[in-house]
Amino acid sequence: MKAFALLYLASVREFVRDRSALFWAVAFPVMFILIFGAVFSGSDDISFSIGLVNEDGAASERLVESFQSIDAFNISTGERGGELAALQDGDRSAVIVIPAGTGAALGSALEGGSDESARLEVYYDPADQNTSQIVLNVVNQVVSGMNQAITGMSPVLSIEQREVTADEDLRLIDYMVPGVLGMSLMQLGLMATAGPLVSLREKGVLRRMGATPLTRATLLAAQVAFRLTIAFFTTALLIAVGMLVFNVQVRLENLPAIIGVVLLGSATFVTLGYFMSTLVKTEEAVEGLVSLPYFIFMFLSGIFWPVEFMPDWIRPVVDAIPLTYLGDLLRRTMIEAGYYFSATRSLLILAGWLVVCAALAVRFFRWEPQG
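Anchor point for the sequence shown: position 308 equals 300 in the numbering used here, and the numbering is continuous, going up by one each time.
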């Protein structure tokens, strides 16, 4: 335990003295969110093109007005055939059809003459699963509001229930703050871990440490603990900037869950950085090696824009990236919006990355430089 504490304190002193490390770990994420926030904090909301077909005429005009009032929906009204054709051509995110008889069914239910609920038809492209989930969520919210307003009791209007993720008032800056936090945790794990470790090995520092009773596991644990400290500090700083400067509504009641996600994500990328440091001989080589996954993860993980904006052919890569699931969990816990995967799936995949990377880091760790 004493060796762990001494290694941890030594890492803190080294980090504080290194102005470059301070900039990249702390100042850079803040500058990043300030710059992007200044660009995207205005009225650039995430929106979807929705086709609306009212086959029930004036009897369902109230429903039409409810959907038209949603800021996230750009509503186009038309006939069923034309709107479905637009959906097939990719010009609509979804098509909502109000079938004939919907108003009558609502009236009958209100009068107690029928136990059947009126059903809306929501058409979507199954290949574009994420967008359809968002749209279904917003439609569900409208239907719930209508049920409450009409009866205040059991639902008389329904749609097919699905697990969904979105918030109709989600701004790009709301989406991006958790994404920038995820990027900073990845950067801490890759850029600020692999390079320094290779440098210590090159300079013979690790070899001298290896001559002591110090174990590889103790060294790894101390370094991980130190970087987790930096991760929590960065998290608090970015949340404060997001809330105070850009009015991002971070769910502070979810703070224990946010801390858990930050802990898991940081540990995953730190252990990945340690493993990657075992694959090269020099500090210059590790910079090139780490840069490749860094930029792939950053631009293909969906941390800066929704993954449904990406072409289908690249989705297998997106689904394999750990940052995809870290960003998804951060959005789920921080703003409770903009996420696409179940919490169980995201946690299991991140935990799998952590276990594999930790095992590889300990297995291939070397005190001596490669010959």
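All residues carry an ideal CB built from backbone N, CA and C; glycine is no exception.
Do residue i and residue j have their C-beta atoms within less than 8 Å of each other?
i: Val131; j: Tyr115; result: no
i: Gly294; j: Gly319; result: yes
i: Ala(-5); j: Leu192; result: no
i: Leu180; j: Ser258; result: yes
i: Val309; j: Leu321; result: no
i: Val56; j: Glu75; result: no
i: Tyr167; j: Gly280; result: no
i: Phe357; j: Arg200; result: no
Assuming residue i and residue j form a contact by the criterion Cβ under 8 Å, report the distance between their Cβ atoms to the nearest whole angstrom.
i: Val169; j: Val240; result: 5 Å
i: Leu342; j: Thr260; result: 6 Å
i: Leu182; j: Ala353; result: Actually they do not touch by this definition, with Cβ atoms about 13 Å apart.
i: Pro21; j: Thr226; result: 6 Å
i: Glu275; j: Gly202; result: About 19 Å separates the two Cβ atoms, so there is no contact after all.
i: Leu177; j: Ala223; result: 6 Å
i: Val278; j: Tyr332; result: With a Cβ gap of about 32 Å, Val278 and Tyr332 do not count as contacting.
According to DSSP, residue i sits in a beta bridge with which residue or residues?
i: Glu75; result: Bridge partners of Glu75: none, in fact.
i: Ala86; result: Ile42, Tyr116
i: Ser68; result: Gly43
Select from the options the residue whose C-alpha is nearest the C-alpha of residue i.
i: Val253; options: Leu220, Arg208, Ala353; result: Leu220
i: Ser269; options: Thr185, Ala214, Pro21, Leu315; result: Thr185
i: Gly49; options: Glu328, Ala2, Thr94; result: Thr94
i: Arg243; options: Ala78, Met326, Pro285, Glu47; result: Met326
i: Gly82; options: Asp304, Trp359, Trp297, Arg337; result: Asp304
i: Val4; options: Glu71, Gln215, Ala97; result: Gln215
i: Gly171; options: Leu271, Tyr317, Val347, Phe357; result: Tyr317
i: Ser41; options: Ser68, Phe296, Thr226; result: Ser68
i: Pro285; options: Ile251, Ala312, Ala2; result: Ala312
i: Ser61; options: Leu44, Glu328, Ala97; result: Leu44
i: Asn129; options: Ile250, Met(-7), Val197, Glu328; result: Glu328
To the nearest angstrom, how far is the alpha carbon of residue i from that of residue j?
i: Val190; j: Pro361; result: 8 Å
i: Ala92; j: Glu53; result: 12 Å
i: Met175; j: Leu315; result: 8 Å
i: Ala77; j: Phe289; result: 35 Å
i: Arg323; j: Asp63; result: 20 Å
i: Phe59; j: Val127; result: 11 Å
i: Leu79; j: Ala228; result: 43 Å
i: Arg84; j: Leu173; result: 32 Å
i: Leu(-2); j: Thr204; result: 14 Å
i: Val347; j: Trp359; result: 22 Å
i: Asn46; j: Glu71; result: 8 Å
i: Lys273; j: Phe267; result: 13 Å
i: Ile231; j: Pro248; result: 14 Å
i: Cys349; j: Thr336; result: 20 Å
i: Trp297; j: Leu198; result: 41 Å
i: Leu255; j: Ser334; result: 19 Å
i: Glu194; j: Ala351; result: 23 Å
i: Gly73; j: Ala96; result: 24 Å
i: Arg111; j: Leu271; result: 58 Å
i: Arg355; j: Val233; result: 40 Å
i: Asn246; j: Phe65; result: 28 Å
i: Leu1; j: Ile165; result: 36 Å
i: Ala250; j: Arg163; result: According to the sequence as given, residue 250 is Ile; it is not Ala. Ile250 and Arg163: Cα-Cα distance of roughly 20 Å.
i: Ala51; j: Met235; result: 43 Å
i: Gly265; j: Ser283; result: 11 Å
i: Gly196; j: Phe287; result: 30 Å
i: Phe301; j: Arg307; result: 10 Å
i: Met(-7); j: Asp117; result: 56 Å
Would you verify that the beta carbon of residue i is, or is not, closer than 8 Å to some beta carbon of chain C?
i: Leu281; result: Here chain C cannot be found, since the structure has a single protein chain.
Would you say residue i touches the ligand MN, meaning its beta carbon is less than 7 Å from a heavy atom?
i: Met183; result: The ligand MN is not among the ligands present in this structure, which contains no ligands whatsoever.
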